[in-house]
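Worksheet: one structure, shown below.
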Amino acid sequence: MEEIQKKDIRKLSLTQLEEFFLAQGEKKFRAKQVYEWLWNKSLKNFDEMSNISLSTREMLKKHFEINHILVDLMQHSSDGTIKNAVKLYDNKIVESVLIPTTKRITACVSSQVGCSLDCNFCATARLKRMRNLNPDEIYDQVVAIKDEAETYFQRPLTNIVFMGMGEPLLNYANVLEAIDKITSPEGLGMAPRRITVSTVGVTKMIRKLADDEVRFNLAVSLHSAINETRSRLMPINDSNPVEELGESLKYWYEKTKRKVTYEYVIWEGINDDERHARALAKFCKIIPSKVNLIQYNPIDEGEFRQAKQESVDMYVRILESQGIIAKVRKSRGQDIDAACGQLANKNEVGELNTI
Ligand code: SAH
């Protein structure tokens with residue numbers, strides 16, 4: 001008998017699946033049932049699709065397979081944070097993190113294997129970019145964390161941040177498709193306002209987000225509003241300088257009317273002076289925004305050191321005196337290398353280690 005080359009069924013949209021069902025002489029509504037099993041219920045095999053007849057399931061098995069991620073290693077931090085090392089179908093590994101607080105459970109997910117951006121202070125940058133994640137690989141990370149939230153905390157997942165490995169705006173189509181599935185009723189039905197996409201500041205893609213009138217939140221990893229310093233920290237700033245970033249954010253705000261969050265680390269001797277704090281305050285005036293002052297998570301013996309508390313206080317004072325909301329964020333999951341910028345730092349699993 002002729003072997004049919006099996007396709008990953010989750011590569012098909014609902015419409016494509018419906019067309020396939022009709023071509024097979026099946027009822028169209030069955031396609032929607034299967035689609036819900038695949039996405040809403042995250043089933044990993046056809047045999048569990050209890051409202052689908054045996055013969056239809058056999059037909060599906062002949063044509064398709066269901067590719068799924070596998071949580072290869074789960075680490076628990078003393079502060080409750082959980083880090084998943086996730087194995088993809090080609091054995092590559094990415095990481096995602098569950099961050100519990102009293103009010104929220106947040107999933108921090110990866111969008112690429114490795115990263116191409118070379119930010120000097122970030123562990124993920126050391127890995128280089130290997131490939132984009134597919135929409136289902138992003139979606140499955142969220143499902144894994146949703147399940148862990150229910151198992152370990154008896155609470156629902158409330159928020160999602162694209163702050164794991166990779167640059168989400170350089171994997172634009174797949175990230176948007178994953179978000180579409182996460183927010184759709186056949187998927188997880190989560191509200192877009194509970195999702196935040198974080199970018200290094202790819203201005204062209206910020207404009208595209210605005211044109212696409214997305215309804216999720218945007219965060220920008222700023223770290224300095226002075227070009228010279230920012231370029232030293234993040235080479236992307238050479239081609240996407242601060243002024244252009246500001247312009248793209250104006251465009252974002254005009255189209256979406258959504259505030260932006262700036263992520264900002266203060267390092268000793270780099271941006272811990274008043275000049276940098278005032279430049280940040282000025283940048284924050286461009287559009288309605290708030291600032292998250294993130295604690296630096298050391299990644300090696302390198303040149304970067306978290307600024308002293310008095311510098312952090314100075315920033316907060318200057319920002320607040322100008323009516324800008326600034327929150328100091330404590331690091332979470334540092335003991336298991338799950339904190340911002342630490343992903344893949346000491347990962348001992350999978351292929352990443354060979355880079
Ligand atoms: N590429 C996207 C998504 C990654 S988000 C972006 O850059 O926004 C990860 C966040 O952690 C970014 O704000 C990044 O600047 C920050 N970060 C990276 N390394 C860090 C470190 N060692 N300590 C604290 N924050 C870090």
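Numbering (the UniProt record's numbering), first residue to last: 1 to 355. Ideal Cβ placement from N, Cα and C applies to all residues, glycine included.
Residue pairing of R131 in beta bridges, as defined by DSSP: V113. Distances from the alpha-carbon of M163 to those of Q322, C115, T183 put C115 closest.
One Cα belongs to S239, the other to S42, and the distance between them is close to 41 Å. For F162, the enclosing beta strand (DSSP E) covers residues 159-162. As computed with DSSP, T199 is found in a beta bridge with V220. Here the alpha carbons of F64 and L22 stand approximately 16 Å from one another. Of all C-beta pairs linking the segment 279-289 to the segment 252-267, three or more are shorter than 8 Å, placing the two stretches in contact. The beta carbon of L14 lies closer than 8 Å to those of A31, K32, Y35, E186 in the same chain, with the five residues before and after it left out.
Annotated as distal: I69 and E26, with beta-carbon spacing of 8 Å or more. Of the residues assessed, D337 falls on the buried side of the cut-off, its CB having 16 or more other CB atoms within 10 angstroms.
Taken atom to atom, the span from the alpha-carbon of W252 to that of E58 is near 48 Å. A contact is defined here as three or more CB-CB pairs under 8 Å, and the segment 150-165 meets this definition with respect to the segment 108-123. When the beta-carbon positions are compared, V242 and L218 stay at least 8 Å from each other.
Just measuring C-alpha positions, the residue of T199, F216, R207 sitting nearest R193 is F216. In the three-state scheme derived from DSSP, where H, G and I count as helix and E and B as strand, I266 is classed as coil. In the pairwise beta carbon analysis, the segment 172-186 is classified as not touching the segment 220-230: fewer than three pairs are separated by under 8 Å. For N292, no alpha helix (DSSP H) segment is defined; the enclosing uninterrupted segment is the beta strand (DSSP E) at 289-294. Distances from the CA of I82 to each of Q322, C119, F153 were compared; the closest alpha carbon is that of F153. Not one heavy atom of the ligand SAH is found less than 7 Å from the C-beta of G114.
Nearest Cα to L176 within the set Y139, H276, V202: Y139.
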